[in-house]
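Asker:
Numbering (the numbering used here), first residue to last: 278 to 418.
1) First and last residue of the beta strand (DSSP E) that includes residue 299?
2) Please tell me whether residue 412 and residue 287 are closer than 7 angstroms, where the distance is taken between their beta carbons.
3) So for residue 331, helix, strand or coil by DSSP?
4) For residue 398, does the count of other Cβ atoms within 10 angstroms reach 16, so buried, or fall short, so exposed?
5) When the Cα atoms are used, what is the spatial distance from residue 294 to residue 376?
6) Can you list, in chain order, the residues of its chain with a C-beta nearer than 6 angstroms to that of residue 363? Leave out the 5 residues immediately preceding and following it.
7) Who are the Cβ neighbours of residue 329 in its own chain at under 7 angstroms, not counting the five residues just before and after it?
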């Protein structure tokens, strides 16, 4: 009999503004998008409202931006590297199409840089990454 796996579910916001998507950079781990793991107690409602509210909160904390959360467009598996604080943890991430509403971009301590990319300029980013492949999927929809 196989052992049950333990994993987390997280969500990432692919925020679009003027035809471009916000890509963050974690100084140690590289490409990232605003969002995070769903914390205990955050997803108790019978609809998506608790998840979308959680994602809005994460985006506001990490970027200072107000967003409108749209439909999910991707689900992918992410395993943290051995020296990451979440090492050994497996997370299934859900990517949501989001629209910029308001706010001035101000990064939290979690990220050190950002770039807005469109369907051409994203190709200049590093390709060997599950976040890159998901961004590629975003622009092909």
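Think of the CB as a built atom: it goes at the ideal place given N, C-alpha and C, for glycine as much as any other residue.
Answerer: For this structure:
1) Start and end: 297–303.
2) no
3) helix
4) exposed
5) 6 angstroms
6) 357
7) Short of 7 angstroms from the beta carbon of residue 329, and not among the five residues preceding or following it, lie these beta carbons of its own chain, in chain order: 346.
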